[in-house]
Amino acid sequence: MHILIVDDEPLARAELAYLIETHTKIKSIDQAESIEEALEKMVNQKPDLVFLDIHLTNESGFDLAKKFKKMQYPPQIVFATAYDEYALKAFEVDAIDYILKPFEEERVKQTVEKAKHGISYPPQEENPIQEKEGRGKLAIQVDERIFVITASDILYISVDNGESHIFTHHQQFDTSETLTHLESRLDSNLFFKTHRSFIVNREAIQEVQPWFNHTYQITVKNGDKIPVSRSYIKQLKEEIGLN
30 MHILIVDDEP
40 LARAELAYLI
50 ETHTKIKSID
60 QAESIEEALE
70 KMVNQKPDLV
80 FLDIHLTNES
90 GFDLAKKFKK
100 MQYPPQIVFA
110 TAYDEYALKA
120 FEVDAIDYIL
130 KPFEEERVKQ
140 TVEKAKHGIS
150 YPPQEENPIQ
160 EKEGRGKLAI
170 QVDERIFVIT
180 ASDILYISVD
190 NGESHIFTHH
200 QQFDTSETLT
210 HLESRLDSNL
220 FFKTHRSFIV
230 NREAIQEVQP
240 WFNHTYQITV
250 KNGDKIPVSR
260 SYIKQLKEEI
270 GLN
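Quick note on this note's numbering: the sequence shown kicks off at 30 and runs consecutively.
If you want it as structure tokens, here you go:
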């Protein structure tokens with residue numbers, strides 16, 4: 030993996046390079062302090078992954094990220110910055126991660142691992158279920174951290190006592206984002222409501238059973254049971270082709 034670090038602070042570049050270079054999959058690490066220099070490095074090095082600061086001298090890292098997006102084979106982007114308020118905006122330009130200064134070794138390692146898997150298994154950009162949230166990703170804020178979830182990995186989302194719970198195959202994420210807001214950011218071809226408090230991934234449905242009072246109950250791939258209220262039965266039947 031070839032990496033480029035773009036930051037106008039030499040010490041920040043050196044620190045990040047030091048934390049990255051111990052990774053066994055890294056072939057080269059290059060550095061740039063401006064957008065102009067970064068674009069020159071892109072021609073010579075063709076990096077797989079770019080660690081990009083947001084506030085460069087008289088420049089914005091977002092401008093560079095937008096230039097990357099126009100390339101035929103853009104690098105993966107990780108924003109590495111001291112400011113946490115731009116995290117959601119970062120994922121609008123398809124950033125795969127967002128890490129904060131001062132950098133933590135384990136956090137940097139996780140980011141490099143994520144990028145490595147992204148290079149090994151590139152997303153199919155023409156897949157129609159990936160039309161929202163850049164490349165099928167959902168960025169959510171959990172406490173003071175931002176997590177990027179592959180939308181198709183989500184089994185279902187529920188809400189309880191004002192908190193939304195996102196369930197994937199291996200993990201649960203709890204966020205203050207409303208169910209309505211989360212639904213608006215997901216592809217309606219893949220996700221639909223079964224209840225005012227539940228959204229389910231149609232590809233995660235394993236079994237549908239009649240339940241009490243002429244309602245239904247869905248079993249998803251991790252074994253959890255999802256209620257289907259009367260007002261959503263018609264939509265459920267349409268989604269699974271049940272007459």
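Don't be surprised by glycine CBs; every beta carbon is placed ideally from N, CA and C.
Under the three-state DSSP convention, the category GLU162 falls into
Numbered from its first residue, the sequence shown carries residue 162 at position 133. Unreliable positioning characterises GLU162 in this predicted model, as indicated by a pLDDT of 42, which lies under 50. The coordinate reading is nonetheless provided below. Helix at GLU162.
Measuring straight from C-alpha to C-alpha, what distance separates ARG214 and GLN238?
What you label residue 214 is simply residue 185 of the sequence shown in a count that begins at 1. What you label residue 238 is simply residue 209 of the sequence shown in a count that begins at 1. Going by C-alpha positions, ARG214 is about 29 Å away from GLN238.
Using the Cβ count rule (16 or more neighbours within 10 Å means buried), how would you classify ASN230?
Your numbering for residue 230 matches position 201 in the sequence shown. So ASN230 counts as buried.
Would you identify the three-state DSSP class for TYR261, choosing helix, strand or coil?
Taking the sequence shown and counting its residues from 1, the one referred to as residue 261 is at position 232. Per DSSP, reduced to three states, the secondary structure at TYR261 is helical.
Can you tell me where the beta strand (DSSP E) with TYR185 in it begins and where it stops?
Locating residue 185 in the sequence shown gives position 156, counting from the first residue. Bounds of the beta strand (DSSP E) holding TYR185 are 183-189.
ASP37 vs HIS84 beta-carbon contact at 9 Å
The sequence position of residue 37 within the sequence shown is 8, counting from 1. The sequence position of residue 84 within the sequence shown is 55, counting from 1. A contact, by the Cβ cut-off of 9 Å.
Could you check where the alpha helix (DSSP H) with ASP253 kicks off and where it finishes?
Position 224 of the sequence shown, counted from the first residue, corresponds to residue 253. No alpha helix (DSSP H) holds ASP253; DSSP gives it neither H nor E.
Mind reading off the beta-carbon distance from LEU78 to ILE32? Whole number of angstroms is fine, and I expect it under 8 Å.
Locating residue 78 in the sequence shown gives position 49, where the first residue counts as 1. Locating residue 32 in the sequence shown gives position 3, where the first residue counts as 1. Sure, about 5 Å apart at Cβ, within 8 Å.
Residues near TYR261 by beta carbon distance below 7 Å, same chain, minus five either side
Here residue 261 refers to the residue found at position 232 of the sequence shown. The residues are LYS222, THR223, HIS224.
So is TYR29 buried or exposed if we call it buried at 16+ other beta carbons inside 10 Å?
This structure gives no information on residue 29, because the portion of the chain shown stretches from 30 to 272.
Counting along the chain, where does the alpha helix (DSSP H) carrying ALA46 start and finish?
Taking the sequence shown and counting its residues from 1, the one referred to as residue 46 is at position 17. Boundaries of the alpha helix (DSSP H) around ALA46: 39-49.
Please determine, among LYS138, HIS146, ASP189, ALA168, the residue with the shortest C-alpha to C-alpha distance to ALA119.
Numbered from its first residue, the sequence shown carries residue 119 at position 90. When only C-alpha atoms are compared, the closest one is ALA168.
Output yes or no for whether 9 Å exceeds the beta carbon distance between ILE183 and ALA144.
Here residue 183 is taken as the residue at index 154 of the sequence shown, counted from 1. Here residue 144 is taken as the residue at index 115 of the sequence shown, counted from 1. In this structure, ALA144 does not lie closer than 9 Å to ILE183 by Cβ.
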